[in-house]
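Right, one structure below, let's go through it.
Residue numbers (full-length UniProt numbering): 1 to 644.
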């Protein structure tokens, strides 16, 4: 049932609740935090599907569960490091998933799928979280679990009924999906194939240009390539910026304040040991021993999960610390076990446990001196943030009263002036020293090039809490340089073009010879610098092979064919020398993975098509105000988009 819940509900909140009860019962991790506040209070509605509301709290809980997984997949330490655009995309996807689940439940109701009370009772009685030490349903334990999670018995029964009805509706869709053998074989042949190539690189820099361009050649090159010798428009601007950062730079933060902040965040700077653990819990010791015997290495995890059984829990617990384990005995054994060694069977409250520690992150203490500057910047920023509204008003009054020349020095504003182009570059080609983040810089530069010369400055709010005012007092129009103005740049550009042309000619000669003689390896005399690659495959590209070349090589149909392309500052000619198609019998695991992946993908497509059809029957009604509030919290932007 456990694997079915996660598959059918696609990590749904319903699936997480019921499956969470499984996990927590089996490994003794308690359910209080996972189910806290679910089903006890009715919050604002984020969307409504038929008669089913999707509560804002439900939506937020789903996001809180999803974001750490997204961060882990992006190899980020914390969900706060996920880019705002990605967080908004995830939030939209989670909302769509919740709507799909509600649509499926509505469809089950329309089809008259009534789950008998006996089935619901048997399902609840089978949940290990509600079983006592004798393996039987324990009413007292059941009541205690519900009380700790804030869930009523009626709400749990409703969830189980919905899950059972959705199972009956969706299971035939999944069961009916099977990737055709011919498709599996074609995909396997492509992904598992390996190819070897010969290649030769012709770098531009390696070409010796001995000729000196004549004045006529330089003039012709400059006339034919005017975009290379164009001077952009420059504007001389005075810019005043006020933000929490500019104010904070002038605030005094004492060492005592910093030490107090360091101590208050001791848990952040004193990280305990963390471990990634794969853990399986089964009802009997014999089954646990059988799984332990099977689990001989890290690669056996997929088989262990498959063979664990429907009444077992097989889960991965990434980055847990010992305090995450309420069971002191189990926690001690997990945190004293060596990495990459199967442990167990071990008797636990919910059954017999077998586990394997896959990685260990040692405890780490960050000294005060290493974070002193970061603490200073954060405290100064927080204090400056409180001062910002009053400073903005004073700056606005000062600009209105006397322009940029009348700004008091104690406001904490930063002023800069100078010439810059529309890309924010100075005459020397370096970035102009405009304060603020990239987004703020872009907004300020755009203001400089949209504001008329001599116009009165106005205080404007920009991105990331930045306020700024601009005065443009000089404009130098852009123009194409004459040959005299461009000077040595024309000769340098001519020589670079000549080297590129010579490399093109040399590479073309290699390609022509290879095409005529059956490959680079057959060209006579032998080509200097010819490289012979190791086998490469679509799943395992070789880093030494330019990606532009690899993309073309897998389009060739037979050995002896050649390609030519530019890769960076060189032309590359490559010949396909061999194609190897492994027998599926020798790579059964990969073949099965391809089949399973195709089946999963096809099942997902069919379910999404079914969901799109359901949406046409019962159109979801999003509450854009509530959704925007959640989006703003997730992305940090007050104008985050809402569902359409």
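For glycine and all other residues, C-beta sits at the position ideal for the given N, C-alpha and C.
No experiment lies behind these values; they were computed from the predicted model shown.
- In the DSSP assignment, residue 348 falls within the unbroken beta strand (DSSP E) covering 342–348.
- Distance from residue 170 to residue 247 at the Cβ level is roughly 56 Å; contact not present, criterion being Cβ atoms closer than 8 Å.
- In this model, residue 523 and residue 200 are separated by some 12 Å (Cα to Cα).
- Your pair residue 279 and residue 315 checks out as a contact, with CB atoms roughly 6 Å apart and the cut at 8 Å.
- In this structure, residue 514 places its C-beta atom within 7 Å of the C-beta atom of residue 575.
- A Cβ-Cβ contact shorter than 7 Å links residue 203 with residue 570.
- According to the DSSP assignment, residue 615 belongs to no beta strand (DSSP E) but to the alpha helix (DSSP H) extending over 588–617.
- When only Cα atoms are considered, residue 237 and residue 268 end up about 44 Å apart.
- By the 16-neighbour rule on beta-carbons within 10 angstroms, residue 281 is buried.
- Membership of residue 278 in the beta strand (DSSP E) is indicated by the continuous run 274–282.
- The distance from the Cβ of residue 537 to that of residue 194 is about 5 Å, consistent with a contact at the 8 Å cut-off.
- Look at residue 554 here: in three-state DSSP terms it is coil, with no helix or strand label.
- For residue 230, the three-state secondary structure derived from DSSP is strand.
- Cβ contact annotation for residue 416 (same chain, cutoff 6 Å, sequence separation greater than five): 239, 433, in chain order.
- For the 7 Å CB-CB criterion, residue 274 and residue 319 form a contact.
- Counted as a single uninterrupted DSSP element, the beta strand (DSSP E) harbouring residue 467 occupies residues 467–476.
- Across the structure, residue 381 and residue 232 are spaced so that their CA atoms are roughly 37 Å apart.
- In this chain, the alpha helix (DSSP H) harbouring residue 97 covers 84–110.
- Ranked by Cα distance from residue 389, the first of 412, 62, 568, 365 is 412.
- Looking at the backbone, the Cα of residue 277 and that of residue 525 are separated by about 59 Å.
- Across the structure, residue 627 and residue 235 are spaced so that their CA atoms are roughly 43 Å apart.
- The beta-carbon separation of residue 460 and residue 447, rounded to 7 Å, stays under the 8 Å limit for a contact.
- Contact between residue 480 and residue 221 does not hold, since the beta-carbon distance rounds to 13 Å and is not under 8 Å.
- The beta carbon of residue 387 sits closer than 7 Å to the beta carbons of 247 from its chain, once the five residues preceding and following it are set aside; these are given in chain order.
- For residue 564, the three-state secondary structure derived from DSSP is strand.
- Residue 130 sits close to residue 141, with the two beta carbons spaced by under 7 Å.
- The DSSP-derived three-state label of residue 489 is helix.
- Comparing alpha carbon positions, the residue from 178, 533, 558, 66 closest to residue 595 is 178.
- Nearest to residue 297 by C-alpha distance, out of 376, 357, 61, is 357.
- In the three-state reduction of the DSSP assignment, residue 137 falls in the strand class, which pools E and B.
- In the DSSP assignment, residue 204 falls outside any beta strand (DSSP E) and carries neither an H nor an E.
- Residue 291 and residue 325 have their alpha carbons spaced roughly 23 Å apart.
- Closest option to residue 353, judged by alpha-carbon separation, among 572, 340, 285: 285.
- Here the region 114–122 makes no contact with the region 81–101; the two share fewer than three CB pairs at distances below 8 Å.
- Per DSSP, residue 524 has no beta bridge partner at all.
- In the DSSP assignment, residue 316 falls within the unbroken beta strand (DSSP E) covering 313–321.
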